[in-house]
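Numbering (the numbering used here), first residue to last: 203 to 343.
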């Protein structure tokens with residue numbers, strides 16, 4: 203045996219790869235378009251009406267399928283226009299579009315998601331082309 207200290211019976215499986223589009227999500231744009239992605243539509247089945255609540259800072263979104271609904275996604279595309287929701291998120295300091303990755307919580311009987319904001323990309327300095335003699339056409343910073 204090449205690895206005498208390795209017991210193959212003690213090995214653990216690593217989690218399967220989760221592709222971006224396999225994770226159930228709801229997104230909210232600046233214009234108020236609220237969308238269920240395909241993975242969420244599939245998991246939610248025919249459910250398109252939810253009681254939506256957000257945390258005080260707007261970071262978490264909770265969708266209760268068995269409470270009096272305050273949002274209704276379209277049957278086909280799983281979207282709705284809700285300008286007030288985007289305005290509330292903006293007032294709470296959330297960057298839009300906001301994307302909430304959802305998980306089903308049995309205890310709460312609800313879909314719960316948190317928004318993971320991405321940091322601002324670093325500033326890109328504009329590069330200009332010089333055409334002076336002797337520059338060889340190189341780009342200068």
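Idealized CB from N, CA, C, for every residue including glycine.
Among the options, which one has its Cα closest to the Cα of residue i?
i           : options            : result
residue 280 : 229, 315, 255, 306 : 229
residue 285 : 232, 306, 261, 212 : 232
residue 221 : 308, 208, 209, 241 : 241
residue 289 : 309, 256, 211, 219 : 256
residue 278 : 293, 305, 249      : 249
Leaving out the 5 sequence neighbours to the left and right, which residues in its chain are closer than 6 angstroms to residue i when beta-carbon positions are compared?
i           : result
residue 303 : 225, 227, 315
residue 300 : 230, 291, 317
residue 245 : 226
Is it buried or exposed, residue i, if we count other Cβ atoms within 10 angstroms and call 16 or more buried?
i           : result
residue 239 : buried
residue 265 : buried
residue 260 : buried
residue 287 : buried
residue 274 : exposed
residue 172 : In the structure as shown, the chain begins at 203 and stops at 343. Residue 172 is therefore absent and cannot be evaluated.
residue 205 : exposed
residue 243 : buried
residue 263 : buried
residue 310 : exposed
Mapping DSSP to helix, strand and coil, what is residue i?
i           : result
residue 235 : strand
residue 307 : strand
Quick one: what's got a C-beta closer than 8 angstroms to residue i's C-beta in the same chain, skipping five residues either side?
i           : result
residue 295 : 259, 260
residue 216 : none
Can you give me the Cβ contacts of residue i inside the same chain, cut-off strictly under 7 angstroms, excluding the 5 residues immediately before and after it?
i           : result
residue 253 : 266, 269, 270, 271, 272
residue 235 : 281, 283
Would you mind listing the alpha helix (DSSP H) stretches within the stretch 263 to 304 that are 4+ residues and don't spill past its ends, in chain order? 285 to 293
Where in the stretch 240 to 265 do unbroken runs of the beta strand (DSSP E), each at least 3 residues long, occur, reported from the N-terminal end onward? If we require 3 residues or more, the beta strand (DSSP E) runs fully inside the stretch 240 to 265 come out as 251 to 256.
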